[in-house]
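Numbering (our numbering), first residue to last: 78 to 595.
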């Protein structure tokens, strides 16, 4: 492709030399040149050829970029050759060191299925921390109560902003182990930069009284946010910037979408779902190239949240008017949702030695259980509860149930005083603070009041359901900590519902929601 571009340039040089060579003079006092008519015609044709060559060059470059999106490399990751350069033509101007290596702007997709066309893209940059990593807890919080449709309409991109391949792979393995279904479905992606992406940070100028280490930290952070935005821009409609040490409120996804639909004006530049720093800022994906280019232009000068405010100033403020008017105009471009949907929880910053004690006062308390009005039932369980977190209180919507480590054949039994029709059920394990304490390898079972129903549905050559001991029929199981479904009309009325554990667990178990649907 470079050869094509050079050839176009040579045409222009040839045209210029030819035009000069065939120049004659009309003999007047000024000695003004007169060009040969055929050479003028040739020159005009070459100009057209030059223009078309440039257009073809750009189209072919774009095509190669798209083709390379699906081309695997030798490391079972995906190299996105020219991805950032195709989306940010001025990258080499702001970061001249990128010219030293042809693959400096390559990003490696370590995990991912290339999901696009979603409504919501969540971007999370993460780095190696000296003290404690919050990444798994953050993802647990974000994934906690996403509905199946929301999981299909979202993508979460983790940008591991490190050039150490061993560390990047360790993060990928950690997420593959903890979230296998979400990685397989394409909901979770892990991306890492080329080893040549970052400049020499030792040459940075110290400003605003910050130490050299802090200037380096905030400069790299600006680059990380920018590269992540550029990668994410073609994934979906809206992009939400997050950090790797936050907690999300249940229902955050639907809340954000509802808020967008409720806005009377479409003139906003970004929406704030947290008042802290750069957390919870939502942008339209189509605006990300402009925003990222602004960040890259001034990446060495100021922190990311200051730069974002400067974009607002450039777009909204009249220098001839006062600060009050400026703030008023900026307020029309950034809209704040309350209460906040995201809270910063990490104590140890990614900057060594820095403690992050900031909390969003508008976040409020996170509900740890969901209350429902359930029909009367006699409750029993082989699981021992912890402190006041009993099964009875959870069933009545007063608390969550928290039981000690389950083993195979442990159960929770709901027996109805009289057989009754139950249309469906919902059991949610784990909560936003203790999301790993879930039911694993556990089935949901019903006991029909009519014993002949079991023989009809379970027995025979083509059984519709699997049977379980005690006359129960298996109707569902826990997937990602949640069991939800309908109960077949053929089984009605039923006498009991049972949760049955089939293997020993390594963690306690917590039921944050019990809903018997009549």
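Heads up, the beta-carbon is just placed ideally off N, CA and C, and yes, glycines get one too.
Owing to the predicted nature of the structure, the values given are computational and were not obtained by experimental measurement.
In the structure shown, residue 224 falls within a coil segment according to DSSP collapsed to helix, strand and coil. Put simply, the stretch 522-532 does not touch the stretch 238-253. Fewer than three CB pairs are less than 8 Å apart.
Using a Cβ-Cβ distance cut-off of 8 Å, the stretch 334-345 and the stretch 301-313 are not in contact, since fewer than three pairs of beta carbons, one from each stretch, lie closer than that value. Per DSSP, the beta-bridge partners of residue 411 are 347.
One alpha carbon belongs to residue 288, the other to residue 298, and they sit about 15 Å apart. Where residue 560 is concerned, the enclosing beta strand (DSSP E) starts and stops at 559-563. The DSSP-derived three-state label of residue 353 is coil. Here DSSP, grouped into helix, strand and coil, assigns residue 572 to strand.
In the DSSP assignment, residue 479 is bridged to 587.
By alpha-carbon distance to residue 356, the top candidate from 419, 363, 368 and 385 is 419.
By the Cβ neighbour-count rule, residue 540 is exposed, with fewer than 16 other Cβ atoms within 10 Å of its own. Just so you know, the alpha carbons of residue 526 and residue 566 end up roughly 13 Å apart. For residue 488, the enclosing beta strand (DSSP E) covers residues 488-497.
Between residue 448 and residue 504, the C-beta spacing is not below 8 Å.
In the DSSP assignment, residue 359 forms a beta bridge with 317 and 348. With a contact defined as Cβ atoms closer than 8 Å, residue 518 and residue 595 miss out at about 29 Å. DSSP places residue 484 outside both helix and strand once states are collapsed to three, so it counts as coil.
In the DSSP assignment, residue 550 falls outside any alpha helix (DSSP H) and within the unbroken beta strand (DSSP E) covering 550-554. Assignment of beta-bridge partners to residue 202 by DSSP yields 236.
8 Å or more divides the Cβ of residue 389 from the Cβ of residue 373. Residue 262 and residue 190 have their alpha carbons spaced roughly 7 Å apart. Remark: C-beta atoms of residue 477 and residue 466 approach each other more closely than 8 Å. No Cβ-Cβ contact shorter than 8 Å links residue 257 with residue 310. DSSP places residue 335 within a helical segment (H, G or I) once states are collapsed to three.
In the same chain as residue 507, and ignoring 5 residues on each side of it, the C-beta atoms closer than 6 Å to its own belong to 514, 515, 558 and 587, in chain order. Going by C-alpha positions, residue 576 is about 22 Å away from residue 225. In the DSSP assignment, residue 502 falls within the unbroken beta strand (DSSP E) covering 501-506.
Here residue 170 is exposed: its Cβ has fewer than 16 other Cβ atoms, across all protein chains shown, within 10 Å. A contact is defined here as three or more CB-CB pairs under 8 Å, and the stretch 216-224 meets this definition with respect to the stretch 321-328. In the DSSP assignment, residue 421 forms a beta bridge with 323. Annotated three-state conformation of residue 370 is helix, per DSSP. Per the DSSP secondary-structure output, residue 544 pairs in a beta bridge with 550. In terms of CA proximity to residue 583, 482 leads the group 482, 236 and 495.
When rounded, the separation of the alpha-carbon atoms in residue 283 and residue 470 is 58 Å.
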